[in-house]
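All remarks here apply to the structure that follows.
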Amino acid sequence: MSPKISNETTESVKMTVTLPREVAAFLRWKAEVEGMKRDELLRRIITHYAQKLRKEDFRTPPIQDI
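So the sequence shown is residues -4 to 61, counted in our numbering.
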């Protein structure tokens, strides 16, 4: 089955992430302690780290909407 293609632009993209069991267990625990969903915690961590890397890496091309 091919992926569904849409002409609409969106601000987010769905991705699947495979993590070691220990990391997944930690994220489940941390999300429960913080009172949020695991996916939201993971999204915040990845977004924060990606923004930090982007600021430090001047070779990264700017994001352009096509």
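Virtual Cβ for every residue (Gly too), placed ideally from N, Cα, C. Small disclaimer: the values here were computed from a predicted structure and weren't measured.
PHE21 carries a helical assignment under DSSP once its states are collapsed to helix, strand and coil. About 6 Å separates the Cβ atoms of LEU37 and LEU22, confirming a contact at the 8 Å cut-off. Per DSSP, the unbroken alpha helix (DSSP H) holding ARG39 starts and ends at 33 to 51. Straight through space, the alpha carbons of GLU51 and THR13 are spaced by roughly 26 Å.
Relative to the Cα of ALA20, the nearest Cα in the group LYS9, SER7, ASP34, THR11 belongs to ASP34.
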